[in-house]
Amino acid sequence: MAETGSLPQEVKEHLETIGTADVVIGLPSIDSDDGLMWVAQIASADRRVVIACPSTNGASSSALLEGVEILRYVVPPSDRYLNTPPGLYGAFQEVFQISQRVGAKCCCVWNTNPQRISSEVIGEMLEPLINQGFDLVVPRYVEVKLGSLVNSSIIYPAVRALYGKRIHFSMAIDLSFSASFVDRLLQLDPKTRRPRCHQWIAIEAINAGLKICEANLPMEPPRPPESTDVSSILAMVLGRLFQDLERNATVWQRSNGSQNVPAFGTLLRKEEDEVTVEVQPMIETFQLGYRNLREIWTVALPPATFLELKKMTALAGNSFRMPDELWVRIVYDFALAYRQRAINREHLLRAMTPLYLAWVASHALEIRSASNADHQYVLERLALAFEKEKPYLLSRWRWPDRFNP
Amino acid sequence: MWQQVSQALNQSVTRVATRIATLLPGFLALVVALLVSLLVAWAIGFILRRSLRSFDFDGKVATWDLPGTHSESGRSPTDLAVRIVGWTVIILGFLVGINAFEATLTSQFVAQLFAYLPNVIAAGLVLLVGGIAARFFSRSVLIGAVNLNVQYAHLLSVGLKWLILVLAGAMALNHLEIGGKIVDEAFAILFGGIVLTLALAVGLGARDLVSRSLERQAARMPEESTESLHHF
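Note that the protein sequences, when read in sequence, are chains A and L. Mapping to this note's numbering: the first sequence position 378 is 378, numbers consecutive. To convert, count from 1 in the second sequence and add 1000; that's this note's numbering.
Structure representation (structure tokens):
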């Protein structure tokens, strides 16, 4: 088995002293021993656990509690994380290697704040792997009406329509893996002969036909740093989605319809009364975009879509709406333009921000006073529109030069 | 007397005829050189067009996002490349033909022309890079400003585009050694004028607009932080 990279010698020595373990919990973002103790207390339940966390003062290992070993490893200098903002994608490689070395049955990488972990969370994230034979556990966070909008508007429905699996937070960075999936992720990519990309592990698992499940966690989705602007993150997330579309073209073109994945734990939804959001600036940004970004939008969007957008510019206030079908076609058209490289890709992705804000404004107005059930209905309707319009994407993907009014 | 006039005219006609007779081979050589260069240009153009099309040169260039190479401009990059090569061959043929006239005079001209050629190439490159940079940065500014809901996004974008183009134009003229110091001074005046105009426009003309925009921005910030809207 080809293994990507290798751990530093001193980490290997510490691992030899530790021996074997049942579970490895990786905490790449931990920054204080308080958090470490908290996780250790939660984790030490009838299992031999290794908690792996990065260190700037060299590698070390110590027994924190009975059955719980702390392994501090040094992150090697690498350009692997340079293109990803901190907090959005995690550092999986070292934890995978540690897990493989100690022969763990499963491993959990918790990239967000460790203070959010509880015994319930650990249980939900690990039990399906240990007792049910799943390969990947993806968290499903508490649903908030106007939370995770990029996920609700693009990622979830697109992944569902394209790959046929209803994974609600496929870009989550807190994940649990079986030993066999860890082995697979440590192998080189047979096509490129390079280390596998760990930025969208759920898609990797779907493509490999592995068993995936969701764990309903009693917490809201993690938020990126406040300083990150919508345009940059939207461009990065869309870039990942569209790149994967190119890479996995043979997979998603074969997929038809969608299926639920098994879920464990109780699904929670935040009870919210009427949510009020100032939508006028978003509508103004869209109108400004329509006036100024036509040159770029023309590259991606067909005339019929432009006509629809023109009609939207005349809508004001509470009557502002973007039909689901229009939004779906916009996403698919941008994916096609991204593939054709008709324009600088960064420009193309950033130019989608006003259109995305138009969808957000329309969605916010639609669900302003909706109940949780109505909110679910709206999201389901959008997801079905993505599935219904998939033949459009397929057709234009295969025959991009065909006339498209 | 008439005999002397007639003799003078005869001599003059003879001299002109001799002169024309001596130039005729040169003319013929020029015509032949031009015809040959036209044939060579056509042949090279034919081969070049076929080879460029065979590996989808137009499609590849479209991905580089160069100015003036988009299909809506009606010029395909393949046609452009074929035309450049064709005209280069024809000009070379013309220079060869010219050289057949008067060796000393024309060879000096040709030598000067070739000495000037690097300047022309450098100026062309400067203009090309300037055009690409102007297009790229003006578009970046336009998208960024629109996403920030800046109402004068288009003005900013066009202003930046012309600043870069003026800069590139002045640099190209400098390389061509045209205008001498006048170009430097004109550029300094023009560039300074644009910056001063923008500063005055923002400082005086759009003072109220800018202050209102900043007030709106400041008022919006605490409001957004309390909103229950999260994109991620």
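For every residue, glycine included, the Cβ atom is placed at its ideal position computed from N, Cα and C. All figures in this text were calculated on a predicted structure; none of them were measured in a lab.
Quick check on DSSP: helix, strand or coil for A:Y332? On the first sequence, position 332 is the one that residue 332 of chain A refers to. If DSSP states are grouped into helix, strand and coil, A:Y332 belongs with the helices.
Do A:E325 and A:A385 have their C-beta atoms within less than 7 Å of each other? The residue you call residue 325 of chain A lines up with position 325 of the first sequence. The residue you call residue 385 of chain A lines up with position 385 of the first sequence. Yes, these two residues count as a Cβ contact at 7 Å.
Close-in-space but distant-in-sequence residues of the same chain around L:L1156 (CB under 8 Å, 5 per side omitted): Here residue 1156 of chain L corresponds to residue number 156 of the second sequence, with the count starting at 1. Once the five neighbours on either side are set aside, the close Cβ partners of L:L1156 are V1141, L1142, A1145, V1150.
Are any of the Cβ atoms in chain A nearer than 7 Å to that of L:V1061? In the second sequence, residue 1061 of chain L corresponds to position 61, counting from 1. No, L:V1061 does not count as interfacial toward chain A.
Residue span of the beta strand (DSSP E) that contains A:N216, given as start and end: To locate residue 216 of chain A, count along the first sequence from 1; it is residue 216. Taken as a continuous stretch (DSSP letters only), the beta strand (DSSP E) holding A:N216 covers 212-216.
Could you tell me if L:I1098 is buried or exposed, where buried requires 16 or more neighbouring beta carbons within 10 angstroms of its beta carbon? Indexing the second sequence from 1 puts residue 1098 of chain L at position 98. L:I1098 should be labelled buried.
Give the single residue among A:E214, A:N111, A:T192 whose Cα lies nearest to the Cα of A:M125. One-based indexing of the first sequence puts residue 125 of chain A at position 125. Residue A:E214 is the option with its Cα nearest to A:M125.
Rounded C-alpha distance that separates L:L1173 from L:I1164: Working through the second sequence from its first residue, we reach residue 1173 of chain L at position 173. Working through the second sequence from its first residue, we reach residue 1164 of chain L at position 164. Those two C-alpha atoms are separated by around 14 Å.
Please tell me whether A:S231 has its Cβ less than 7 Å away from any Cβ of chain L. Here residue 231 of chain A corresponds to residue number 231 of the first sequence, with the count starting at 1. Taking Cβ atoms only, chain L reaches closer than 7 Å to A:S231, which makes this a yes.
Apart from the five residues on each side of it in sequence, which residues of its chain come closer than 7 Å, Cβ to Cβ, to A:P400? Taking the first residue of the first sequence as 1, we reach residue 400 of chain A at position 400. Around A:P400: L336, Q340.
What in chain A is Cβ-close to L:F1057, meaning under 8 Å? Translated into positions along the second sequence, residue 1057 of chain L becomes position 57. Chain A residues near L:F1057: none, gap ~15 Å exceeds 8 Å.
Residues of chain A with CB closer than 7 Å to the CB of L:V1158, please, in chain order. On the second sequence, position 158 is the one that residue 1158 of chain L refers to. By Cβ distance, chain A contributes nothing, its closest Cβ being about 10 Å from L:V1158, past 7 Å.
Pick from L:A1100, L:I1132, L:M1171: whose alpha carbon is nearest that of L:F1240? Any answer about residue 1240 of chain L is impossible in this case: the structure gives chain L only from 1001 up to 1232.
May I ask you to list the residues that DSSP assigns as paired with A:R140? Sequence index remark: in the first sequence, residue 140 of chain A carries index 140 (1-based). A:N216, per the DSSP bridge assignment.
Of all the CB atoms in chain A, is at least one closer than 7 Å to the CB of L:A1153? If you number the second sequence from 1, residue 1153 of chain L lands on position 153. It does; some Cβ of chain A falls within 7 Å.
Return the residues of the stretch 1134-1150 of chain L that lie within a Cβ-Cβ distance of less than 9 Å from chain A, sorted by chain order. F1136, R1139, S1140, L1142, I1143, G1144, A1145, V1146, N1147, L1148, N1149, V1150
Residues of chain B with CB closer than 9 Å to the CB of A:T112, please, in chain order. Of the chains in the structure shown, none is chain B; the protein chains are A and L.
So what does A:A52 bridge to, in DSSP terms? Your numbering for residue 52 of chain A matches position 52 in the first sequence. Answer is A:G26, A:L71.
Check each residue of the stretch 1015-1044 of chain L: if its Cβ is closer than 7 Å to any Cβ of chain A, include it; give the result in chain order. none
Does the stretch 136-153 of chain A come within contact of the stretch 267-281 of chain A, defined as at least 3 CB pairs closer than 8 Å? yes
Are there 16 or more other CB atoms within 10 angstroms of the CB of L:S1076, so buried, or fewer, so exposed? Here residue 1076 of chain L is taken as the residue at index 76 of the second sequence, counted from 1. Around the Cβ of L:S1076, a 10 Å sphere holds 16 or more other Cβ atoms; the residue is buried.
Is it true that the CB of L:F1232 sits closer than 7 Å to the CB of A:V150? Counting from 1 along the first sequence, the entry for residue 150 of chain A is found at position 150. Counting from 1 along the second sequence, the entry for residue 1232 of chain L is found at position 232. Yes; because the gap between Cβ atoms is below 7 Å, this pair is in contact.
Taking 7 Å as the threshold (beta carbon to beta carbon), is A:H347 in contact with chain L? Indexing the first sequence from 1 puts residue 347 of chain A at position 347. Closer than 7 Å: yes.
If contacts are defined as beta-carbon pairs under 8 Å, then A:A104 and A:A179 qualify, I think. What distance do you get, rounded to the angstrom? Locating residue 104 of chain A in the first sequence gives position 104, counting from the first residue. Locating residue 179 of chain A in the first sequence gives position 179, counting from the first residue. Going by Cβ atoms, the distance from A:A104 to A:A179 rounds to 6 Å, so yes, they are a contact pair.
So, using beta-carbon positions, are A:W252 and A:L357 closer together than 7 Å? Working through the first sequence from its first residue, we reach residue 252 of chain A at position 252. Working through the first sequence from its first residue, we reach residue 357 of chain A at position 357. In this structure, A:L357 does not lie closer than 7 Å to A:W252 by Cβ.
A:I330 and A:V299: beta carbons closer than 7 Å? Working through the first sequence from its first residue, we reach residue 330 of chain A at position 330. Working through the first sequence from its first residue, we reach residue 299 of chain A at position 299. Not a contact, by the Cβ cut-off of 7 Å.
Quick one: grab the DSSP three-state call for A:A385. One-based indexing of the first sequence puts residue 385 of chain A at position 385. Residue state, collapsed to three classes: helix.
Buried or exposed (CB count within 10 angstroms, at least 16 for buried), A:K390: The residue given as residue 390 of chain A occupies position 390 in the first sequence. That one is buried.
Please name the residue in A:K12, A:Q115, A:I18, A:G19 whose C-alpha comes closest to that of A:L36. Numbered from 1 along the first sequence, position 36 holds the residue referred to as residue 36 of chain A. The residue with the shortest Cα to Cα distance from A:L36 is A:Q115.
Can you give me the C-alpha to C-alpha distance between A:L245 and A:G209, rounded to a whole angstrom? Position 245 of the first sequence holds residue 245 of chain A. Position 209 of the first sequence holds residue 209 of chain A. Between the C-alpha atoms of A:L245 and A:G209 there is a straight-line separation of about 17 Å.
So A:D135 is in the alpha helix (DSSP H); what residue range does that whole segment cover? By 1-based counting over the first sequence, the position of residue 135 of chain A is 135. No alpha helix (DSSP H) holds A:D135; DSSP gives it neither H nor E.
Proximity below 7 Å, CB of A:C97 to CB of A:L7: Walking along the first sequence from the start, residue 97 of chain A turns up at place 97. Walking along the first sequence from the start, residue 7 of chain A turns up at place 7. One point to set straight first is that residue 97 of chain A is Gln, not Cys, in the sequence displayed. Contact flag set, yes.
Count the other CB atoms, across all protein chains shown, that sit within 10 Å of the CB of A:M459; report buried if there are 16 or more and exposed otherwise. Only positions 1 to 405 of chain A appear in this structure, which leaves residue 459 of chain A out of reach.
Work out the CA separation of L:G1179 and L:L1127 for me, nearest whole Å. As a first step, residue 1127 of chain L is located in the second sequence; it is residue number 127 there, counting from the start. As a first step, residue 1179 of chain L is located in the second sequence; it is residue number 179 there, counting from the start. Their backbone Cα atoms lie some 17 Å apart in a straight line.
Please determine, among A:R398, A:L348, A:Q100, the residue with the shortest C-alpha to C-alpha distance to A:S232. Here residue 232 of chain A is taken as the residue at index 232 of the first sequence, counted from 1. That would be A:L348, whose Cα lies nearest to the Cα of A:S232.
Outcome for L:M1001 when other beta-carbon atoms lying within 10 angstroms are tallied against a minimum of 16: Looking up residue 1001 of chain L in the second sequence gives position 1. It is exposed - the Cβ of L:M1001 has fewer than 16 other Cβ atoms within 10 Å.
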